[in-house]
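Residue 118 in the numbering used here is what sits at position 137 of the sequence shown, and the numbering runs on without skipping anything. All C-beta atoms in this analysis are idealised placements derived from N, C-alpha and C, irrespective of residue type, glycine included. This structure is a prediction, so every number in the text was calculated from the model and none was measured.
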Amino acid sequence: MIRTRQFKLGPMDNFSYLLWNDDTREAVVIDPAWQPEKLAEFMEKEKLSLQCVLLTHAHPDHVNGVPFFTAANKDLPVYLHEADHFMLPSKPPVLKHVTDGEKLEAGSLKITVLHTPGHTPGSVCYQAGGGVYTGDTLFVGQCGRVDLPGSSAEALYDSFVRLSGLPDGAAVYPGHSYNGDKSTFGVQKEYNLYLKLARAGRREEFLKAVR
Ligand SMILES: [Fe+2]
């Protein structure tokens, strides 16, 4: 059984996530930031063994907890799309690239990578255990900002077209608590303006709405 836990941390209502296999106790952490010790405490209490760190993108509010884990284990792999490497404040000892469609195996955990540029060039979503960890690409009822260095509204549209094809039953686990903490693709296809426009192929309206 795959389990997940959401941690709301820091001054910007960021979410860090733990994902683990209940039987093997193998775990991965997604976007550790602000108070990584909270994740470590939980892992210790639940006797979880950390396999790797997954980053949805390299903005500081999603990665500032990485050194906490790599200082404790210099062999810990940290995964990030290559297009976001330039934004990392410091390079982890074991930095690995993820690519679109790649299937990562972290112990017994299987995670599929979806490259979803737009908010940043290297933004990815991780699909695992019936959920999709969407970082700052897709929020509950919103989409990620595209007014930052390296952002692209056009790329975000293409990414949203892809995301609109994901199954209705898949959970949405966003990178911030904006409007809500989690949802499903079924609900977002109905109520998220940006996902609705992308799903309907209404590109010009999407581009106008995000700017
Ligand atoms: Fe971001």
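- Separation of residue 186 and residue 177 (C-alpha to C-alpha, rounded to the nearest whole angstrom) is 11 Å.
- Relative to ligand 1, residue 117 has its C-beta within less than 7 Å of a heavy atom.
- Residue 110 and residue 92 have their C-alpha atoms roughly 8 Å apart.
- Judged by DSSP in its simplified three-state form, residue 121 adopts coil rather than helix or strand.
- Not one heavy atom of ligand 1 is found less than 7 Å from the C-beta of residue 66.
- Distances from the alpha-carbon of residue 98 to those of -18, 12, 2 and 127 put 127 closest.
- Assigned with DSSP and collapsed to three states, residue 55 falls in coil, not helix or strand.
- From the listed residues 25, 3 and -10, the smallest Cα separation to residue 11 is found for -10.
- The count of Cβ pairs closer than 8 Å, one atom from the region 117 to 125 and one from the region 51 to 63, stays below three, leaving the stretches out of contact.
- Taken through DSSP and simplified to helix, strand or coil, residue 27 comes out as coil.
- Look at residue 112 here: in three-state DSSP terms it is strand.
- Within 7 Å of the C-beta of residue 62 there is not a single heavy atom belonging to ligand 1.
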